[in-house]
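Numbering (my numbering), first residue to last: 9 to 127.
For every residue, glycine included, the Cβ atom is placed at its ideal position computed from N, Cα and C.
This one's a predicted model, so the numbers in the text were calculated from it and none came from an experiment.
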Amino acid sequence: MKNIVCLFLFFLFASFIYSQENEKRKVVPVGDMFEVTIYYDNGNIMQHGFLSKDLKLHASWESYYENGRKKCYATYNEGVKVGIWYYWYDNKITKVVYDNNSVISVEDFDYENIILDKI
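What follows is the structure in structure tokens.
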């Protein structure tokens, strides 16, 4: 049994190392922050945003589906969720307002009833 657990942990660790090596990312210093872009294997952007000097999510952060369509737009203040976030789905957009990591409000919008360019 001990050998099985050790073997499982070895493969788990090895797969983690492998996935980290294959992750494509670009980090660029911008003032006192870092601009981070993470890519899918197909070259499309997976995530793009900023980290503070303390390596906490800061300012705007965007996530994308593998096909390149936007998935989420978020804002952080030193790792804390703040402001208006948008989540894009196949048939709707969800707007979530955060204040100090707490959800203040949630609204769903049908694509048929909104002008996407305004978001």
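Beta carbon of Trp-93 nearer than 7 Å to that of Val-104: yes
Run of the beta strand (DSSP E) containing Asp-40, from where it starts to where it stops: It is not in any beta strand (DSSP E) - Asp-40 carries neither H nor E in the DSSP assignment.
Of the listed residues Lys-61, Asp-118 and Phe-117, nearest to Asn-85 (C-alpha basis): Lys-61
Whether Trp-96 touches Ala-82 by CB criterion (7 Å): no
Counted within 10 angstroms of its Cβ, other Cβ atoms place Leu-63 as buried (16 or more) or exposed: exposed
DSSP state of Asn-121 mapped onto helix, strand, coil: helix
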